[in-house]
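Asker: Sharing a structure with you now.
In the numbering used here, the protein residues as written are 9 to 336.
Shown next as structure tokens:
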């Protein structure tokens, strides 16, 4: 049908000429060039002119609309997939049902697309391992959508890396349906703090308003500060000299505690006897009174539950634990 439109338009723009006999028109001058000049001899007022082309039939538009609807039906892409709200449907349950129905139609196509993207990105990693001989800088998305800069070479890749694409992430979802679902959770009391009280900040973040500086500036500052402190603890392991100094300090601290306990058992005050505890040889994060301790404890506990914390030496883990206790 669209090719018929194109053919019709082409013929309309290049219709036949009516040339009166004896007008002495040079056929080479009859072209389709814009602004062309045609010389002729007028015969009783007659002149060369094109045959008027008929208009495009009005039913063509209806046929095209029907074809578009047929394609949408075959592909399963309807209003929801196209980002449009179906007419007369504005309830959460109705929207959820429509989204679910459309996702079922697009599930196979979505899985094929996600599988294809995974294979493509796996090959990209192999090409990076082979051709990235010089050091490169890359941006990666860390926890809580933090962007981090890392330097690497192709040799840093083992070749066994894999790509993980969240299943169903390519399927469309109406933002209004998502927000209605979040509000239902809020009304049911499912969005709460650790103490069970409602958490309006978490609600606003889920609703897509988490980037508001006015609402979250102070909390974000504390979260970023706690993340930097976690990084400082991680960097101790990366510096062999710092790690060795920390291990020596731990041994000295244990010896001091043993000697202090022995003196106390004899009724002697270690401090009055001139004993001084060893000083930590490293600059570690300090707890200040103006910090939001609840936020810091939450971020540090999230770090302590991660595999990064489990891989730290016991001496560094103890530093983190002591730091958290200072926030209590």
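Beta carbons: idealized from backbone N, C-alpha and C, even for Gly.
Please read these numbers as outputs of a predicted model, since none were measured by experiment.
By how many angstroms is the C-alpha of residue 161 removed from the C-alpha of residue 141?
Answerer: So the two alpha carbons sit approximately 6 Å from each other.
Asker: What residue range is occupied by the uninterrupted alpha helix (DSSP H) comprising residue 172?
Answerer: Residue 172 -> no alpha helix (DSSP H), and no H or E assigned at all.
Asker: Bridge partners for residue 321 per DSSP, in chain order?
Answerer: The partner list for residue 321 (beta bridge, DSSP) is empty, contrary to what the question assumes.
Asker: Quick one: grab the DSSP three-state call for residue 161.
Answerer: Coil at residue 161, not helix or strand.
Asker: Suppose only complete runs of 4+ residues qualify. What are the alpha helix (DSSP H) ranges in the stretch 228-304, listed by chain order?
Answerer: Runs of the alpha helix (DSSP H) inside the stretch 228-304: 248-273.
Asker: Of the choices 311, 269, 297 and 262, whose alpha-carbon is the least far from that of residue 352?
Answerer: Absent from the model: residue 352. The displayed extent of the chain is 9 to 336, so no value can be given.
Asker: Classify residue 57 as helix, strand or coil using the three-state DSSP reduction.
Answerer: Here residue 57 sits in strand by DSSP.
Asker: Looking only at DSSP bridge pairs, what is residue 144 linked to?
Answerer: Answer by DSSP bridge pairing, in chain order: 160.
Asker: Let me know the secondary structure DSSP gives residue 208 once reduced to three states.
Answerer: Here residue 208 sits in helix by DSSP.
Asker: Among all the DSSP beta bridges, which residues are the ones paired with residue 51?
Answerer: Beta-bridge pairing links residue 51 to 54.
Asker: Output the distance between the C-alpha atoms of residue 163 and residue 130, rounded to the nearest integer angstrom.
Answerer: So the two alpha carbons sit approximately 16 Å from each other.
Asker: Short of 7 Å in beta carbon distance, which residues of its chain neighbour residue 215, apart from the five on each side in sequence? Order them along the chain.
Answerer: Result list for residue 215: 187 and 190, in chain order.
Asker: Leaving out five residues before and five after residue 211 in sequence, what residues of the same chain have Cβ atoms less than 6 Å from its Cβ?
Answerer: Counting only Cβ-Cβ distances below 6 Å, and skipping sequence neighbours, we find 194 and 199.
Asker: Looking at C-beta atoms only, is the number of pairs between the stretch 236-255 and the stretch 263-270 that lie closer than 8 Å three or more?
Answerer: Because the criterion of three Cβ pairs below 8 Å is not met, the stretch 236-255 and the stretch 263-270 do not touch.
Asker: Cβ atoms of residue 132 and residue 148: under 7 Å apart, would you say?
Answerer: Against a cut-off of 7 Å, the Cβ pair of residue 132 and residue 148 comes out as no contact.
Asker: Assign residue 46 to one of three DSSP states: helix, strand, or coil.
Answerer: Residue state, collapsed to three classes: coil.
Asker: Hey, how far is the Cα of residue 258 from the Cα of residue 320?
Answerer: So the two alpha carbons sit approximately 15 Å from each other.
Asker: State buried or exposed for residue 57, treating a residue as buried only when at least 16 other CB atoms are found within 10 Å of its CB.
Answerer: Residue 57 comes out exposed.
Asker: Spatial neighbours of residue 206 within its chain, please: C-beta separation below 8 Å, excluding the five flanking residues on both sides.
Answerer: Closer than 8 Å at Cβ, skipping near neighbours: 194, 197, 199 and 200.
Asker: May I ask you to verify whether the stretch 293-302 touches the stretch 271-278, counting CB pairs closer than 8 Å and requiring at least 3?
Answerer: As far as the Cβ criterion goes, the stretch 293-302 does not touch the stretch 271-278, which means the pair count is below three.
Asker: Taking the alpha-carbon of residue 169 as reference, which of 202, 178 and 126 has the nearest alpha-carbon?
Answerer: Taking only the C-alpha atoms, the option nearest residue 169 is 126.
Asker: By alpha-carbon positions, which one of 34, 326 and 309 ends up nearest to residue 292?
Answerer: Comparing Cα positions, the closest option is 326.
Asker: Keeping to the same chain, check which residues put their C-beta closer than 6 Å to that of residue 49; ignore five residues upstream and five downstream.
Answerer: For residue 49, where only same-chain residues beyond five positions count, the Cβ hits under 6 Å are 31 and 32.
Asker: Can you tell which of 251, 138 and 123 has the C-alpha that lies nearest to the C-alpha of residue 174?
Answerer: The option with the nearest alpha carbon to residue 174 is 123.
Asker: Can you give the beta carbon distance from residue 7 to residue 332, rounded, assuming they're within the 8 Å contact cut?
Answerer: This structure does not reach residue 7, given that the chain is present from 9 up to 336, and the question cannot be answered.
Asker: Excluding the five sequence neighbours on either side, which residues of its own chain have a C-beta within less than 6 Å of the C-beta of residue 54, listed in chain order?
Answerer: Once the five neighbours on either side are set aside, the close Cβ partners of residue 54 are 28.
Asker: Consult DSSP for residue 200 and reduce its assignment to one of helix, strand or coil.
Answerer: In the structure shown, residue 200 sits in a strand (DSSP, three-state: E or B).
Asker: Can you give me the C-alpha to C-alpha distance between residue 67 and residue 121, rounded to a whole angstrom?
Answerer: In a straight line, the C-alpha of residue 67 is about 37 Å away from that of residue 121.
Asker: Going by other Cβ atoms of all chains shown within 10 Å of its Cβ, with 16 needed for buried, is residue 229 buried or exposed?
Answerer: Its Cβ having fewer than 16 others within 10 Å, residue 229 is exposed.
Asker: Give me, in chain order, the residues of the same chain whose beta-carbon lies closer than 7 Å to that of residue 245; leave out the 5 immediate sequence neighbours on both sides.
Answerer: Cβ within range, chain order: 251, 320, 321 and 324.
Asker: Can you tell which of 146, 110 and 165 has its C-alpha closest to the C-alpha of residue 134?
Answerer: The shortest C-alpha separation from residue 134 is found at 165.
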